[in-house]
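Letter by letter, the sequence shown follows residues 2 to 302 of the numbering used here.
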Amino acid sequence: MSEIVPVWIAVDWGTSNLRAWAMGPEGVLAKVSSDEGMGKLSRDGFEPALLRLIGPWLGGRPPVLACGMVGSRQGWCEAPYRTVPCTPLDRNAVVMAPVTDARLKVAIAPGLKQTSPADVMRGEETQIAGALRLMPGYDGVFCLPGTHSKWVHISAGEVVSFQTFMTGEMFALLSEASVLRHGMQGEGWDDAAFDAAVSDALSKPEKLGARLFSLRAEGLIAGLSPQAARARLSGLLIGTELAAAKPYWLGQRVTLIGAEKLSSAYARALAAQGIEAQRLNATDCTLAGLASLSPMTEAAR
């Protein structure tokens with residue numbers, strides 16, 4: 002096997018997982034990952050965790066560009082939030098992580114904050130920067146579905162405002178840790194149930210609490226299937242999110258950045274409201290965003 006000699010290394014360090022890519026002039030040379038996310042590490046554990054993953058790539062001392070929770074207050078070192086409106090990334094704002102291994106030079110991208118209403122993001126700013134690199138001149142809205150979904154208004158290359166919804170986390174908690182879990186076993190899905198629930202939530206978002214319990218009741222007395230229950234739960238939560246986020250998407254150009262399955266659900270819900278959203282791959286956006294941080298990485302476009 003030939004030795005991998007990257008020009009630079011991209012790192013996406015989340016709460017649960019660590020992912021790294023060896024980047025060459027033409028793009029990705031190799032990818033590695035581990036479950037050593039920020040949530041499992043003490044401050045002095047970050048450098049060893051990274052070395053375990055990318056040690057074989059460090060012969061040429063390539064620069065490492067990192068984003069995500071690695072720069073949080075509980076991370077390797079804090080990369081202070083930048084305040085919107087601003088560009089999603091700024092090369093001059095990266096923070097260098099303290100290292101003991103001479104082969105390492107790790108730059109961490111800061112997140113973004115909004116003072117009113119109070120909101121923060123860390124990691125998504127890099128995906129937004131990558132999306133703008135992939136779609137030059139974009140004006141409109143990005144939606145980043147996930148554990149904490151983000152709706153982001155973009156104008157003239159800057160993040161103007163954004164809003165976060167805990168939709169994904171609520172789905173996980175309700176389907177796995179609430180009374181609703183008893184009727185949601187398996188991974189099945191029902192498109193018709195999802196569509197109906199999105200429509201119901203958009204028209205009557207104030208009834209969310211009652212609609213949620215009806216999932217349990219229908220499972221007990223009316224034979225609601227687990228696949229229909231899961232789809233309805235997702236539709237109710239996404240529909241309620243869309244109702245609250247309407248100022249972001251109504252009459253706007255919308256692009257989704259996220260995992261295929263979840264982005265498809267959001268695209269389906271938006272399509273029912275007459276919004277044909279574009280879609281971008283989250284990893285492609287992360288890599289393009291990290292590549293924008295240093296002049297040394299321009300060859301990796």
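C-beta: ideal position from N, C-alpha, C; glycine also.
Alpha-carbon spacing of residue i relative to residue j, whole angstroms
i	j	result
residue 48	residue 272	45 Å
residue 197	residue 233	8 Å
residue 97	residue 165	28 Å
residue 248	residue 181	31 Å
residue 61	residue 5	10 Å
residue 219	residue 20	42 Å
residue 188	residue 52	36 Å
residue 45	residue 31	26 Å
residue 23	residue 56	11 Å
residue 50	residue 43	10 Å
residue 207	residue 241	9 Å
residue 8	residue 184	50 Å
residue 103	residue 132	33 Å
residue 194	residue 213	13 Å
residue 224	residue 179	19 Å
residue 15	residue 69	5 Å
residue 317	residue 167	Only positions 2 to 302 of the chain appear in this structure, which leaves residue 317 out of reach.
residue 59	residue 29	16 Å
residue 39	residue 124	13 Å
residue 160	residue 172	27 Å
residue 235	residue 261	15 Å
Counterpart residues of residue i in DSSP-defined beta bridges
i	result
residue 120	115
residue 258	281
residue 33	21
7 Å Cβ shell around residue i - same chain, five flanking residues per side excluded
i	result
residue 253	141, 142
residue 128	145, 258, 283, 286, 287, 290
residue 294	66, 90, 92, 95, 108, 110
residue 203	240, 243, 244
Assigned secondary structure, residue i (DSSP; H/G/I helix, E/B strand, else coil)
i	result
residue 7	coil
residue 16	coil
residue 97	strand
residue 68	strand
residue 21	strand
residue 85	coil
residue 109	strand
residue 299	At residue 299, the pLDDT of 47 sits below 50, so the modelled position is not reliable; the number obtained from the coordinates is stated separately. Helix, per DSSP.
residue 2	For residue 2, the predicted model reports a pLDDT of 44, less than 50, meaning its position is unreliable; a value from the coordinates is still stated below. Three-state DSSP puts residue 2 in coil, outside helix and strand.
residue 28	strand
residue 79	coil
residue 42	coil
residue 188	coil
residue 103	coil
residue 62	coil
residue 74	coil
residue 200	helix
residue 54	helix
residue 291	helix
residue 181	helix
Own chain residues within Cβ distance below 8 Å of residue i, not counting five before or after
i	result
residue 1	Lying before the first or after the last residue shown, residue 1 is absent from the chain, which here runs from 2 to 302.
residue 135	281, 285, 286, 289
residue 2	Low per-residue confidence applies at residue 2: pLDDT is 44, beneath 50, and the placement is therefore not dependable enough to give any value.
residue 163	85, 113, 115, 120, 122, 151, 152, 153, 154
Neighbourhood of residue i by C-beta distance below 6 Å, restricted to the same chain and skipping five residues each side
i	result
residue 54	21, 33, 35
residue 156	140
residue 80	72, 96, 109, 111
*asked:* Quick check on the DSSP output: what are the complete beta strand (DSSP E) runs of length 3 or more inside the stretch 115-177, in order along the chain?
replied: 120-122, 141-145, 150-156, 159-166
_Inside the stretch 202-278 only - beta strand (DSSP E) runs reaching at least 3 residues_ = 255-259
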